[in-house]
Amino acid sequence: MSGVRVLVGTRKGAFVITADGKRDRWDVSGPHFGGWEIYHLKGSPADPNRLYASQSSSWFGQVIQRSRDGGKTWETVGNKFVYEGAPGTHLWYDGTPRPFEFARVWHLEPSLTDPDTVYAGIQDAALFRTRDGGQTWEELPALRTHKSAAVWQPGAGGMCLHTILLDAGHPGRIFVAISAAGVFRSDDDGKTWEPMNRGLRSEQIPDPTAEVGHCVHRIAAHPSRPRVLFMQKHWDVMRSDDAGESWQEVSDNLPSDFGFPIDVHAHEPNTIYVVPIKSDSEHYVPEGKLRVYRSRTGGHEWEPLTKGLPQSHCYVNVLRDAMAVDTLDPCGVYFGTTGGQVYVSPNAGDSWAPIVRDLPSVVSVEVQTLP
Amino acid sequence: MTIRVVLPAHLRTLARVDGELKLDVEGPVTQRSVLDALEASYPMLRGTIRDHVTRERRAFLRFFACEEDLSNESPDAPLPEAVIAGAEPLLVVGAMAGG
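Chains as they are written, first to last, in this note's numbering: chain P, 52 to 422; chain X, 203 to 301.
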């Protein structure tokens, strides 16, 4: 029987959690790298036993870990992320220029076809790539040197490149999202980039419809329909039907359109999931109720999913990289909270159960569907 | 010279070592030469004690020896005689800070 492997990054270590296809009995391994912040770990689509993890600490900086056996053992690989050429400047919180400075790796996106190739999104925002399994990392500098970069500003969490989408049907096409600059697209494997923020509206910046400056929290697409993108912005849930060229708001009846993650059902490209959060200053769910909202119409019409989730006195957040779907049938949906719970729905959101309840604050959740 | 070095727990785990390290250091025994020898023996520690490019000490780490804070000494200043003689270790210490 096929199974799943859930990769959980937390503020104090990583956890590797497995189950068979029924997804009701879980084996928890960890903490790996205890005491370190694990912003993200993810497996290679080309070799599911090849995993990469971003391990970081305010004291000791950045470490990258690699596993060749599905997370049973790990080895350190290269951790040298150096901007190519002059770092240049972006705007600091007070509006003054500040040099780009490496802080940490937020997101690791393994190539769809080569287990040795991985893209890394870092803070301060730039895109790096390894082609040797993580031993060495090179910047794709055209993004950081884009003409708009001098006016990018950090969000509250830092100026991070947190989302990387690779398009299997369009080799060389990469989408990235940066807080708070917005979405950029390359059609030539990172050699050139264009902002993809038309239609976004952010009242928190001087020109609400500016070409860049939007605090995009997450974008997602279904592999079979990569021109259709979904976005959870600082405020607003958005949709693009033209590969990011333009966006329309689809928040409609959500109780709040603030949030962080957004994901797409594995078999229904028009079914999407968000977790509304009360506001940008109140980073917890509205009314003390943990509710995932599902739209089966690609936005506009949303239904709350509550069965098995706490519906009183709950004040957790779900961060941008902390939701994932498996490819079993029915599709499994997973998310982790800042309260240390990881929930699974083995039936596309109809009901939920905790996999674990008391981990450190969860930063990221990925899932692998295993043969 | 054989120099004794004590790492904080998280770096011992990263380097897969227990307890105190002993490093052979050629030439003048300074912060720089000891850290060079440390990183040569344990490459996974590169970037975790000092910056890859600037080679400056990471802000939340300190270097102590013989009950003195050497963190702001020149990286090329000789370490205390007791460290050079192997009587005392060089301590790499994580700053007391939350988290």
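Don't be surprised by glycine CBs; every beta carbon is placed ideally from N, CA and C.
In the three-state reduction of the DSSP assignment, Pro-327 (chain P) falls in the coil class. Residue-level contact by beta carbon fails for Phe-266 (chain X) and chain P, as no gap is shorter than 9 Å.
Within chain P, no residue has its beta carbon less than 7 Å from that of Arg-257 (chain X); the closest one is some 13 Å off. Distance from the CA of Ala-217 (chain X) to the CA of Glu-189 (chain P), rounded to the nearest whole angstrom, comes to 25 Å.
Ala-177 (chain P) is bridged by DSSP to P:Ile-173.
In chain order, Trp-110 make up the part of chain P whose C-beta sits under 8 Å from the C-beta of Ala-297 (chain X). Across the structure, Glu-152 (chain P) and Leu-178 (chain P) are spaced so that their CA atoms are roughly 13 Å apart. Considering only P:Trp-244, P:Ala-219, P:Thr-389, P:Gly-220, the residue with the shortest C-alpha distance to Ala-228 (chain P) is P:Trp-244.
For Val-169 (chain P), not one C-beta of chain X is nearer than 9 Å to its own C-beta.
Take the alpha-carbon of Lys-131 (chain P) and the one of Phe-309 (chain P): they are about 35 Å apart.
Contact of Trp-403 (chain P) with chain X is not assigned, every C-beta pair being separated by 9 Å or more. Bounds of any alpha helix (DSSP H) do not take in Ile-251 (chain X), whose DSSP letter is neither H nor E. Judged by DSSP in its simplified three-state form, Ala-272 (chain P) adopts strand. Contact with chain X is absent for Val-288 (chain P), since none of that chain's Cβ atoms lies less than 9 Å from the residue's Cβ.
Using a Cβ-Cβ cut-off of 9 Å, Thr-232 (chain X) does not count as an interface residue toward chain P, since no Cβ of chain P sits closer than that to its own. Sequence-distant Cβ neighbours of His-197 (chain P) in its own chain, meaning closer than 6 Å and more than five residues away, are Trp-244.
At least 9 Å separates the CB of Trp-157 (chain P) from every CB of chain X. By the neighbour-count definition (other C-beta atoms within 10 Å, threshold 16), Asp-226 (chain X) is an exposed residue. Across the structure, Thr-147 (chain P) and Thr-260 (chain P) are spaced so that their CA atoms are roughly 22 Å apart. Take the alpha-carbon of Gly-184 (chain P) and the one of Pro-161 (chain P): they are about 10 Å apart.
As DSSP reads the structure, Lys-123 (chain P) sits in no beta bridge. Here DSSP, grouped into helix, strand and coil, assigns Gly-359 (chain P) to coil.
For Leu-213 (chain X), the uninterrupted alpha helix (DSSP H) run begins and ends at 211 to 217, by DSSP.
With distances taken between CA atoms, Lys-284 (chain P) lies nearest to P:Ala-232 out of P:His-316, P:Arg-278, P:Ala-232. For the pair Ala-171 (chain P) and Lys-242 (chain P), the CB atoms are not nearer than the 9 Å cut-off. Against Gly-208 (chain P), chain X offers no close residue; the least beta-carbon distance is about 16 Å (beta-carbon pairs closer than 9 Å). The criterion of a C-beta distance shorter than 9 Å is satisfied by Tyr-344 (chain P) and Glu-354 (chain P).
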